[in-house]
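Numbering of the sequence shown is given in our numbering, commencing with residue 733 and proceeding in unit increments.
Single-structure report; data block below.
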Amino acid sequence: RRQDMWINQTGIWYTQTAFSSFRQWVVDTAGYDIDTYHGEQLLVGTHVQANREIIGKVIKGDFITYDRSIALDHLYGFIHEDKLRLECGGPRSREKARKWKFRRSLHRHFDKTLDDVLCSFLAWASVRVEENGALLINVSRAFRRINLYSDWLESEGRVLDELLSLNYDDMRILANKCKRHIQYNYDETGRVLQWIDLSPDVLVQMEKHLTKYKRFQLFIWITHEIMFDNNAQLHGVIAIRYAAFISPVIMSTIIDFKMTQSLQKLMYAASSVKLVLALTVRVPLCGRVFWRTVYKYIQKSVHQLREFRADDGIDVLEKLRIAQHIPEDYGDYNVRNRKRNLEEV
């Protein structure tokens, strides 16, 4: 059956020495062929069932493997199948098939290949089911996600074409001009910590250097930079936003609502960023009511990753064991910053 998934029973199954491959059905489309692999005894499906809570969404018939090279081959196969399906349709369908060329993907900015793009989505769809042990890769889930990503690339044609005309150094200069607005570091487990500061003095500096459109481009570029970060792929990302009691109305002056929609779609629904939690602190009452209302109409899985707090959220940061990694000049977490921010507000 298609959902039967087998791996090698000999030795410890997640080590490199116990190397076995498997496939449920043959992909054979217009010359694209992957061999049919045969496993031996142990049913991976049992392992999936036992860890369903941490593995996430598993749909009947999903192809799941622990072998990264086999996963990459299968993902290319799924893309090729869908490309052929679209090319066999009408003019509109054939036009849509162009998305699989990834002509607007930013991976070239970071000296990455298409393999790296696909591997980032495989990492997003991977779950470690044993400490220092097995990684199960849901290839079908990775394909569903990269399908949304390729659609997003096509929908944002103009801004991405302009980004591709710039080089890495141009974007790095822009990012350095906003280095207090967006900062990064890592915790002891390797998770990427993204600290976004919306303090008044930070916003003044950002508005001085960047138009709304340039901010939009920069946020897209930064999201792709995280996508290709090895630690982010393996351990995930925690995003902390210091809102400085800014209302949704004032927030709209930072970046247009339509641009915000596009960024939200990229970050939460289309990119390969493995988000652990997005914590927003110092949010005014109107902001908390607004965002809670908005998030009632989005995916439950995304809603569970967002938290809005009126306080500084230090208890959450301590629970996540990242409070010691708060940047010195971030938000109002030290007395000097708190006094400065209160005066400016």
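Glycine included, every Cβ here is placed at the ideal spot set by N, Cα and C.
All of these numbers come straight from a predicted model, not from anything done at the bench.
Taking the alpha helix (DSSP H) that residue i falls in, what are its first and last residues?
i            : result
residue 847  : 846–856
residue 868  : No alpha helix (DSSP H) contains residue 868, which is instead part of the beta strand (DSSP E) from 867–870.
residue 953  : 944–959
residue 1065 : Neither: residue 1065 is in no alpha helix (DSSP H) and is coded neither H nor E.
residue 899  : Unbroken run through residue 899: none, as it is neither H nor E.
residue 999  : No alpha helix (DSSP H) holds residue 999; DSSP gives it neither H nor E.
residue 823  : 823–828
residue 838  : Premise fails: residue 838 is in no alpha helix (DSSP H) and is neither H nor E.
residue 940  : 932–941
residue 1049 : 1046–1051
Just reading off the beta strand (DSSP E) that residue i is part of, what are its end residues?
i           : result
residue 929 : 924–929
Identify the residues that DSSP records as bridge partners of residue i: which are they?
i            : result
residue 1010 : 971 and 1038
residue 1078 : Since the first residue of the chain shown is 733 and the last is 1077, residue 1078 is not available in this structure.
residue 860  : 867
residue 796  : 870
Sort the options by Cα distance to residue i and report the nearest one.
i            : options                  : result
residue 923  : 1065, 1053, 898 and 805  : 1053
residue 1015 : 995, 1001, 1051 and 972  : 972
residue 1011 : 811, 1001, 1017 and 969  : 969
residue 900  : 949, 1002, 881 and 921   : 949
residue 1050 : 919, 987 and 966         : 919
residue 905  : 946, 995, 1056 and 813   : 946
residue 834  : 871, 859, 887 and 857    : 887
residue 797  : 870, 879 and 880         : 870
residue 944  : 814, 832 and 989         : 989
residue 963  : 813, 852 and 808         : 852
residue 1022 : 921, 1000, 1061 and 1040 : 1040
residue 974  : 874, 803, 855 and 1065   : 1065
residue 806  : 951, 854, 927 and 831    : 854
residue 1008 : 898, 967, 994 and 951    : 967
residue 884  : 916, 952 and 894         : 952
residue 1002 : 894, 849 and 935         : 849
residue 1107 : 843, 816 and 831         : Beyond the ends of the chain as shown, which are 733 and 1077, falls residue 1107; an answer cannot be given.
residue 1005 : 1060, 801, 936 and 874   : 874
residue 1058 : 816, 859, 914 and 932    : 914
residue 859  : 799, 986, 1000 and 987   : 799
Using the beta-carbon count (16 or more within 10 Å), is residue i buried or exposed?
i            : result
residue 845  : exposed
residue 827  : exposed
residue 998  : buried
residue 929  : buried
residue 877  : buried
residue 892  : buried
residue 926  : buried
residue 754  : Residue placement at residue 754 is flagged as unreliable, the pLDDT there being 33, under the threshold of 50; the coordinate-derived value follows with that caveat. So residue 754 counts as buried.
residue 779  : Reliability fails at residue 779, whose pLDDT of 49 lies under 50, so the model's placement of it is uncertain and the value that follows must be treated cautiously. So residue 779 ends up on the buried side.
residue 868  : buried
residue 897  : exposed
residue 1017 : exposed
residue 809  : buried
residue 902  : exposed
residue 984  : exposed
residue 793  : exposed
residue 1019 : buried
residue 768  : Note on residue 768: pLDDT 30, under 50, position unreliable in the model; the coordinate value appears next. Exposed, by the Cβ-count rule.
Just checking: is the beta-carbon of residue i within a distance shorter than 8 angstroms of some beta-carbon in chain D?
i           : result
residue 849 : No chain D is part of this structure, which consists of one protein chain only.
Decide if the region 1036–1052 is in contact with the region 899–913; the criterion is three or more beta carbon pairs, one per stretch, under 8 angstroms apart. With a cut-off of 8 angstroms, the region 899–913 and the region 1036–1052 do not count as touching, because too few Cβ pairs lie within range.
(request) Could you tell me whether the region 950–969 touches the region 828–844, using the rule of 3 or more Cβ pairs below 8 angstroms? (result) Yes, they touch.
Specify whether the region 813–829 and the region 935–946 touch according to this definition: at least 3 beta carbon pairs, one from each stretch, less than 8 angstroms apart. Verdict: no, contact absent.
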